[in-house]
Structures are given as C-alpha cells and as structure tokens.
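Scroll down for the structure; my scribbles are underneath it.
Number of protein chains: 2
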Amino acid sequence: MIQPMFRNVAVIGTGIIGRGWVRVFAGAGCRTRLYDRDQTQLDKAKTWLEASYKADVSDGLISPDEAGSCRARISVHSQIEDALDEAEYVQESGPEVLEIKREIFTRLDTLARPSAILASSASSLDMNEIVADLPGISRCLLAHPFNPPHIIPVVEVMPTKRTNPEVTTRTLAFLRSTGQKPVLVNFYLTGYLINRLQAAVVREAIHLVTRGAASVEDVDAVVSDGLGLRWALLGNFGVNNTNADGGVREYYSRYKDTYRSILEDLDPAPPAFDPETIELIGRGVDAMSGKTTVAEVCRWRDRLVRKIRDLKTGDPHP
Amino acid sequence: MIQPMFRNVAVIGTGIIGRGWVRVFAGAGCRTRLYDRDQTQLDKAKTWLEASYKADVSDGLISPDEAGSCRARISVHSQIEDALDEAEYVQESGPEVLEIKREIFTRLDTLARPSAILASSASSLDMNEIVADLPGISRCLLAHPFNPPHIIPVVEVMPTKRTNPEVTTRTLAFLRSTGQKPVLVNFYLTGYLINRLQAAVVREAIHLVTRGAASVEDVDAVVSDGLGLRWALLGNFGVNNTNADGGVREYYSRYKDTYRSILEDLDPAPPAFDPETIELIGRGVDAMSGKTTVAEVCRWRDRLVRKIRDLKTGDPHP
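Respectively, the protein sequence lines represent chains G and C.
Residues 1 to 318 (this note's numbering) are what the first sequence spells out, left to right.
Residues 1001 to 1318 (this note's numbering) are what the second sequence spells out, left to right.
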C-alpha cells in the first residue's frame, strides 16, 4: 500500500481532469474532498466516479474491497470552504481560461490553510500569469497531468519565478508518494514538455499523409507496432542509448549526418489544419476504426495501459 | 501456429538484422537458409542464434520444444547458390553501402529462382538506386525492418518505380503471414517513415535539454511514463482520435491554434551534435542508467516488448 505524504487533499473543479485526480489521490490513501460551484457538475462527477470504479472492478483492475475503500475516502462539497478545510494540498482543475484561474487562485489563497500547497492542472497557460499578483505566490505552482491522470502517471511540475523551492520539492515528493511520475519543468515554455514532443510527432505524421507517402493506418502502425513499443519502456534518450553498443555518445556521433539529412527534409511548417486536411485524416481514421466508438477505444486503451504499467512494476528497468 | 505464405526463404548477410530475420522466418515455420561470404560471420551468427533461443527459453518466452523446432528449420551456407536453391523469398541484409548492395542484388538476380522475390533490409538507401539497372528490377523492393525484427513487428515495404505491383502485394501478405506488421511506403523519402518520426522526437528532446527546460531523465519520463504508454497501443492518429469525444476531426479543429503556437516555438534546426551537446546528453543518460549495461537494458526491453505484444494479442484493439 502506498503511503501518501499528505493525508488531506482538495480537488477544485470536477471536469475529467479533476475527477481523474480524485481517483489518483483517493487511490493513494488521501482523504479527498471535491468541490465545484455547479451542483450539476458535482452530481455528474459522483456518477462518473461510481461508474469508473465499477468498470475497473469488472475489468479485474482493482478488487471490490479496494474500490470501496477508495470511495469511502471521497467526499463532495458545494461550499469551497468545506473542501479546503483541512487540505494540505489543493489541486485546482477549473476551466483553461486565464481570468477564471486567476479568480480561483485568489479564493484559494484567501481560504486555504496558510501551509497548503496550491497547484494548478493548467495545460497551456503560464503559471506565472495565473498567480502574478497573489500574496501567496510562493506556495503556488503548476502540476499538469496527462489525461487521464489515474491511468497515465506523468505530471509536469513547473514552479513560478517566485515559488518557494521547498514547495516544489514537497510537491514532487507528494506526487511520487501517490504513485505519479512528476517531472520538473524548469521554466515556462509554450506547450511545456509533453505537448511539444507530441506536436513534433503530430506535425510529421500529418505531413507524411498529406504528401502521399503512406496511409493514416500505416503511419499509425509505425508507432503502435514499432517506435511506441519501445517508448512505453524507454524514453527518447533511453532508446538512443540502446541503439549502439557504445551507448548514446557513440550513437549520436555515428548517426549525426543521417539525422541532419532527415531533419533537413522534414517540413518545419505546421500542418494546414484546413477542412480538406482534417477530412483526409478523418477518413483515414474512419477506415482504420470501423464502427468502434471513441469511448470503446478509450476503455481498451486505459485497461491495457494499466496492464503495461503492471508489467513494468513486476519487471522494472534493471 | 502461423502458416507462412512461403516455405523456403533465404537470408543473405548475417549482421544483427540478418540474424533477427532468421528468427522471424524460422519462428513462422519457414525453412530458412542463411548465407554470408565470411565464414567467421556465419559462425558468429550460429552462436548468436543458439544463445538467443536459450535466453528466450530461460525468460519463459518460448518453450524448449518450440526453440528446437525453430533451430531445426535453420541452415547456414557458405555458398550463396545453396542458400538460394529453393528460396521463394530472399531477404538481403548486407552492409548499408550502395556499391555492396548493388553487387549483392546483381548476384541475387542472376542466381535466385526467377519467381523469387528479392527484398532488401536497407535502412536509408534509395531502393531505386540499388537495383537501377537490374534486369529483374520488377521483383525487387525494400523491406526495412525495425531492429531487432523478431521483437518489433513493423517493416517498411517500399516498391521501386518499376516493381511489379503484385510483388509488393505478395510481399505484404507474406510478411503478415510471418507475424510482422508491414507498412507500405509509396515512394522513397529520406529516412522513410520510421526514422522521420523518430528524428522529430530526437530533435525536440535534445532541444529541451540543451535549452535547460528539463533533465535528460525527465524528458525521458514524459515518453516512458506518459506519451509512450499510449503509443504502444495507438499511433499518432489513433491517439488524436481519442483526444476529443467527437474524434480526430473535432480534436484538430479545436486545437489547431494551440498546435500552431507550439510548433512555431519548436526549434526547426537539427541539434548541433557537437562534442559538448553529446557529452551533456551522455552525462544525463549516465545519471539515469547507473551501472546498468546497454546489453542488460536491451534484454529487459526485448522481454517486455514481447509481453506488451502478448497483452495486445490477448486483448486486441476493439
């Protein structure tokens, strides 16, 4: 059983990211209080959480007992004060709109215990702007999860220019103690890390299809039956280190000219994303997916991601 | 048990790619003949094959009986005529040097049965140049595997401008019948598909480290504990299709401006690959890997890749 570093946690905002965070924290043993100013959203979140635990039990991913214990740790609140009451760590997960996030953080800074850490799930905004004028800026930072957070462990942690370094250290340690994999982003850059790496792949994948080099299905197979099988285990540098007996230094030294010639041939322009391009990709995806719904694929994907994580837990990187 | 479309196969060249192909074909039930003009290399390949089957048996990946049957289908030959004798499909896997490959293909076209398909494992050369003047160009094509081919299924199949379309179709069907995942590359482009997508990630990963945004270890975690967990299951478009309830059309329409702003911020220049950059990455990899050798990591990686493939076989994409 994981022992979380903080026992009392609040999640502010009940969208899909907020709900996923509730599962992370409750699963790690935290008493998790969920707030949304909209009662309908709160009710929806309750329904989603019930269904989500039920599906996992039916997929054999957690035991009924474990699901019961998790649910017992969760409470929902229509008063923000109640949610924040004992919270040592607050995970803001409201809409991705600067003004809304600024408002929420102003309230959090006023109402949360002075020692509480205030983290935002913002996925593209600059955390420095969200909390620019806040008296408590030193306890604020970004903690951007992958979606869904209870399935994919990586979390991008980015301090503002005025965040207390100890707050960053404790956030990293707390997230690790919940089973997540926090990574430290040293300063704001557009897209942080995750979305930059993803965008690099999106761009070239779309270019390969629009220039007629290969089908949507075959460009996808290059990843899911090729590159991705390694990337589930080793990151870019870990893979490159296994590409030559002498490791990454030998690999880059030997293949630098190959990389240069390939990179000089990649189109650096963003894809057009005009209706024709989007429809071309859309038809390719239709052909690949048949009648399977997005929801069915997501459930399969999440089930298998967890099994891959179990494989890695059972047979960890040597 | 897989039923291969061709029963008699020759592998020409015994480097790591050639040996891996031997395992693919023998594992699929083909009588597999291996040739190298260098007897020392042939002996090395025999030793490698023995060790490789032994390791898989000891890792519980195949049964001793199955390993025995595979080994019984393999023969090594120091005369190319003997290797080609009955071959219906020939997989050239010699050194990545245009002149050497041209010479090998001239011999193959002269000595192989007229109906045999002649495929090259070339990883960057243009197949059109390798077989430009060959009388039998219509039966020649590229079949570039991922390394190692018996672990990672994707194979890039690229016809030359004068390849008989039926040869391409039969090659795709044969490779599928051996359990590989062939993808069709419609024409030559630098790096084909796999290395272009990989290069796009290598470039941005190195830039993130050199500009100080994150450590080697954390950039890697974004992939191995984030993006890569999905990419082992779904390719770029499959993932994008699950990123919005309305699928890939909705996703690209909603996020095109986000992608544009990220892509405009990515540095389009190839990484410097100068000694300082390589050493910076090398030290990051050292810190991440500790005393673990490349060989140990590769064995772990290959074992887990096969378990991930087993997961997907047991619970396939809906």
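Using N, Cα and C, we set each Cβ at its ideal position, and we do this for glycine too.
Since the structure is predicted, the reported quantities are computational estimates derived from the model, not experimental observations.
Residue range of the alpha helix (DSSP H) that residue i falls in?
i	result
Cys1030/C	Segment: none, Cys1030/C is in no alpha helix (DSSP H) and carries neither H nor E.
Ser1124/C	Here Ser1124/C belongs to no alpha helix (DSSP H), and DSSP marks it neither H nor E.
Leu311/G	Val294 to Gly314
Ala287/G	Pro275 to Ser289
Ser261/G	Gly247 to Asp265
I'd like the span of the beta strand (DSSP E) that includes residue i, first residue to last.
i	result
Asn8/G	Asn8 to Ile12
Leu118/G	Ile117 to Ser120
Since residue i and residue j should fall inside the 8 Å C-beta cutoff, what is the C-beta to C-beta distance between them, to a whole number of angstroms?
i	j	result
Asp1036/C	Ala1045/C	7 Å
Phe237/G	Ile1281/C	6 Å
Val1219/C	Leu193/G	6 Å
Gly1094/C	Ile1080/C	No, Gly1094/C and Ile1080/C are not in contact; Cβ-Cβ is about 11 Å, not under 8 Å.
Val1294/C	Asp245/G	6 Å
Arg1073/C	Cys1140/C	Going by Cβ atoms, the distance from Arg1073/C to Cys1140/C rounds to 25 Å, so no, they are not a contact pair.
Leu248/G	Val1285/C	For the record, residue 248/G in the displayed sequence is Val; it is not Leu. Right, the Cβ-Cβ distance comes to about 5 Å (below 8 Å), so this counts as a contact.
Ser1261/C	Thr190/G	6 Å
Thr292/G	Pro1318/C	5 Å
Val305/G	Leu1229/C	5 Å
Can you name the residues that DSSP bridges to residue i?
i	result
Glu1129/C	Partner(s): none; Glu1129/C has no beta bridge.
Pro333/G	Because chain G is modelled from 1 through 318, residue 333/G falls outside the range shown and cannot be assessed.
Val183/G	Glu156/G
Tyr89/G	Val9/G and Ile117/G
Cys140/G	Leu118/G
Are residue i and residue j closer than 8 Å when you measure CB to CB?
i	j	result
Ser1124/C	Thr258/G	yes
Ala200/G	Leu1266/C	yes
Leu233/G	Ser1215/C	no
Val22/G	Gln180/G	no
Phe1006/C	Tyr1089/C	yes
Ile130/G	Arg102/G	yes
Met127/G	Tyr53/G	no
Ala1112/C	Ala1132/C	no
Gly226/G	Ile1152/C	yes
Leu1134/C	Val1076/C	no
Pro182/G	Gly20/G	no
Lys307/G	Leu1311/C	yes
Gly1027/C	Cys1070/C	yes
Leu1098/C	Ala1010/C	no
Ala1213/C	Val185/G	yes
Ile17/G	Glu92/G	no
Glu204/G	Leu1042/C	no
Thr1163/C	Ser1138/C	yes
Trp231/G	Trp1231/C	yes
Thr1178/C	Pro1004/C	yes
Val154/G	Val1222/C	yes
Pro114/G	Leu1263/C	no
Ala287/G	Glu217/G	yes
Quick one: what does DSSP say residue i is sitting in, helix, strand or coil?
i	result
Leu229/G	helix
Tyr1053/C	helix
Ala1214/C	coil
Pro1145/C	strand
His1077/C	strand
Lys1046/C	helix
Phe1237/C	helix
Pro64/G	helix
Asn1325/C	Since the first and last residues shown for chain C are 1001 and 1318, residue 1325/C lies out of range.
Arg37/G	coil
Glu1099/C	helix
Leu134/G	coil
Asp59/G	coil
Gly20/G	helix
Thr242/G	coil
Ala1112/C	coil
His317/G	coil
Leu1208/C	helix
Ala269/G	coil
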